Amino acid sequence: MKLMIRQGNLKQIIETARKSEIEICGFLFGRKKEGEAIVEKIRFITNRLNSSTGFEMEPLEMVQTIDEAEERGLEVVGIFHSHLKCPPRPSGNDLPGMMLWPVVWLIVDDNGNYRAFVLEGEKVLEVPVEIVSSITDRWQRGSKKGEC
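Counting in UniProt numbering, the sequence shown runs from 1 upward without gaps.
The structure is reproduced here in structure tokens:
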């Protein structure tokens, strides 16, 4: 598995985390293709814990956001959140969420560092993050004429 994300999207997540006094969180929407989670859209969701040491996405906002993405043909390919004053790796608080949401988890810190992880069984595995300038080029590579 590999996470592919546009530089602008990653920058927006990092900058928002740097400016926030609480953990930020949200969804990475896109498509999965050949072992790659390709991010086409990010969406910040309110952290209803309003906490600097944990996050819980606002449920109604989650449902509405997922519905909007699905209407556009996108799926949840990842979840992102920040850690303040801690390195970007899953904490004990993150593991239950990773079990409920078996997607890539992108974690950023307030210093601009980032890492991505998946949970396979009971093992947390780091996955590479590839910064791309254009998602369109990636989708077209290897496609036959007329295919999406």
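Each residue gets a CB set at the ideal place from its N, CA and C atoms; glycine is no exception. All values reported here derive from a predicted model rather than from experimental measurement.
Could you check which residue in the options has the C-alpha nearest to that of residue i?
i: phenylalanine 117; options: Ile79, Cys25, Ser134; result: Ile79
i: cysteine 86; options: Pro102, Ala69, Glu23, Gln12; result: Glu23
i: glutamate 84; options: Asp110, Pro96, Arg43; result: Here the sequence assigns leucine to residue 84, which means glutamate is not the residue at that position. Among Asp110, Pro96, Arg43, the Cα nearest to that of leucine 84 belongs to Asp110.
Return the chain-ordered list of same chain residues with a C-beta closer than 8 Å to the C-beta of residue i, the five sequence neighbours on each side being excluded.
i: valine 104; result: Met1, Leu3, Leu28, Ala37, Val77, Gly78, Ile79, Ala116, Phe117, Val118, Val127
i: glutamate 61; result: Ile45, Thr46
i: lysine 144; result: With a pLDDT of only 39 at lysine 144, under the threshold of 50, the placement of this residue in the model should not be trusted; the figure read from the coordinates follows. There are no such residues.
Rounding to the nearest angstrom, what Cα-Cα distance links residue i and residue j in this structure?
i: arginine 31; j: arginine 72; result: 11 Å
i: methionine 57; j: glutamate 70; result: 18 Å
i: methionine 99; j: valine 124; result: 10 Å
i: isoleucine 131; j: proline 102; result: 22 Å
i: asparagine 93; j: glycine 35; result: 27 Å
i: glycine 142; j: valine 108; result: Bear in mind that a pLDDT of 43 at glycine 142, under 50, signals an unreliable position, so the model cannot answer this.
i: valine 129; j: leucine 10; result: 10 Å
i: isoleucine 13; j: proline 96; result: 23 Å
i: isoleucine 135; j: isoleucine 5; result: 8 Å
i: residue 150; j: lysine 19; result: Given a span of 1 to 148 for the chain in the structure shown, any question on residue 150 remains unanswerable.
Pop quiz: residue i and residue j are said to be a contact at Cβ under 8 Å. What is the actual Cβ separation, rounded to whole angstroms?
i: lysine 41; j: leucine 74; result: 6 Å
i: proline 88; j: asparagine 113; result: 5 Å
For residue i, collect the residues of the same chain with a Cβ closer than 6 Å to its Cβ; drop the 5 residues on either side in sequence, then sort them by chain order.
i: cysteine 25; result: Ile45, Asn47, Phe55, Met57, His81
i: proline 90; result: Phe117, Val124
i: leucine 106; result: Gly78, Phe80, Ala116
i: arginine 43; result: Gly26, Phe27, Thr65
Which stretch, first to last residue, makes up the alpha helix (DSSP H) that contains residue i?
i: arginine 18; result: 7–19
i: glutamate 68; result: 59–71
i: glycine 97; result: 94–100
Going by DSSP, what residue range makes up the beta strand (DSSP E) through residue i?
i: leucine 28; result: 25–33
i: serine 82; result: 75–83
i: valine 129; result: 129–132
i: isoleucine 38; result: 36–45
i: glutamate 120; result: 114–120
i: valine 104; result: 104–109
Here's a check: name, in chain order, each residue in its chain whose Cβ is nearer than 7 Å to the Cβ of residue i, leaving out the five neighbours to either side.
i: serine 52; result: Glu21, Ile22, Glu23, Leu84
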